[in-house]
Amino acid sequence: MSHAALIGEQAPSLSLPNYTGRTYSLTPGESGNPTVLFFYPSSGSYGCTKEACQFRDAIAEKDTFKPGKVQIIGLSPDPVDKQKRFFEKEKLTYLVLSDVNGDAAKSYGIGKGLFGLAPVARVTVVIDEKGIIRDTLDATINYGAHSKFVAKWLDKLEAEYASADQPEAGSTPPQVAE
């Protein structure tokens, strides 16, 4: 099954080591905030570094990316020690998980990238606050598209939340008991 076939479905849970070696478990929807998973081929490579730093910078610069509003998680097939060096060198401000066995990539329907030359395709998955996969972007070469894709989705989700909090047009406000 491809990642696109999962759109509209409950996102799979995962449990993987983070860059320190500690196991991190994610159950999408549990926190009540959207989650963004971005799978990338190789920590420290040119494109992956650019992509990871764009997410880091978006968290620092854009309100919709702030902690408490969305959870950003990067995943690659690199071992923990390589992830740790990458995390520290690039001063990343979000979780980076090691998917050495490819379990998370498989559960999200993500195969190899670059015509099978990269161990995993560069795919970003947007999961809403209920844990439903809303969209995916597969753009292995265009690493710059991923943070822009997420920004548009976060704006859309924020607008959906805001409209859900508003009474429907034409509805009467609730009566206050005296």
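For the sequence shown, counting from 1, position 60 maps to 310 in the working numbering; every step adds exactly one. Don't be surprised by glycine CBs; every beta carbon is placed ideally from N, CA and C.
Find the nearest neighbour of residue i within the set the options, judged by alpha-carbon distance.
{"i": "R372", "options": "Y274, G297 and L276", "result": "G297"}
{"i": "I382", "options": "N283, P267 and Y274", "result": "N283"}
{"i": "L404", "options": "G294, Q321, F289 and G271", "result": "Q321"}
{"i": "G352", "options": "D328, K300 and V286", "result": "D328"}
{"i": "T343", "options": "A261, I360 and E311", "result": "E311"}
{"i": "G258", "options": "K402, E379 and S413", "result": "E379"}
{"i": "V286", "options": "L347, T270 and G271", "result": "L347"}
{"i": "Y269", "options": "A412, A308 and D331", "result": "D331"}
Would you decide whether residue i is buried or exposed? Buried here means 16 or more other CB atoms lie within 10 Å of its CB.
{"i": "P317", "result": "exposed"}
{"i": "R306", "result": "buried"}
{"i": "E410", "result": "exposed"}
{"i": "E301", "result": "buried"}
For residue i, which beta-bridge partners are listed by DSSP?
{"i": "V346", "result": "G324"}
{"i": "P267", "result": "T273"}
{"i": "D388", "result": "V373"}
Tell me, to the nearest whole angstrom, how far the beta carbon of residue i is from that of residue j; I am working on the premise that it is less than 8 angstroms.
{"i": "S357", "j": "P262", "result": "4 angstroms"}
{"i": "E338", "j": "T299", "result": "The Cβ separation is near 13 angstroms, so there is no contact."}
{"i": "S275", "j": "S326", "result": "Actually they are not in contact, since the Cβ atoms of S275 and S326 sit about 18 angstroms apart, beyond 8 angstroms."}
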